[in-house]
Amino acid sequence: MGISASDIIPLSHARANFSELAEEVNAGAEKIVTKNGESFIALIDAERLDYYHRLERERIHLLLIDEASTGLDDVAAGRTKDARSVIQSIKRRVSV
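If you want it as structure tokens, here you go:
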């Protein structure tokens with residue numbers, strides 16, 4: 816669902832018409848509220864917000880799985896370093 820010009824509303828309009836806006840948002844609309852002509856907040860349905868949060872968590876999990884897979888590939892290919900020597904190297908660089 817895209818945002819149309821009618822979905823962009825000033826804060827003063829949102830204050831004056833909050834109940835009506837809440838009903839529109841609950842029915843599936845998304846609203847961008849502006850303040851001083853700039854985007855300020857978005858009004859979205861609570862279920863859609865939960866959905867967006869689930870998508871974000873899934874994306875993070877996929878990134879972690881990808882990083883773990885890359886790490887396992889590095890170990891299998893022998894691209895490893897001793898942790899103690901790496902930590903000492905970092906400490907030397909920081910103290911300089």
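To convert a position in the sequence shown, counted from 1, into our numbering, add 815.
Glycine residues also receive a C-beta, built at the ideal position from the N, C-alpha and C atoms.
- When secondary structure is reduced to three states using DSSP, residue 854 falls in the strand class.
- A direct Cα-Cα distance of roughly 15 Å separates residue 872 from residue 882.
- Between the alpha carbons of residue 860 and residue 841 lies a distance of about 5 Å.
- For residue 901, the three-state secondary structure derived from DSSP is helix.
- One Cα belongs to residue 886, the other to residue 870, and the distance between them is close to 24 Å.
- Proximity to residue 853 across 877, 845, 826 and 906 peaks at 826, based on C-alpha coordinates.
- DSSP, reduced to helix, strand and coil, places residue 906 within a helical segment of the structure shown.
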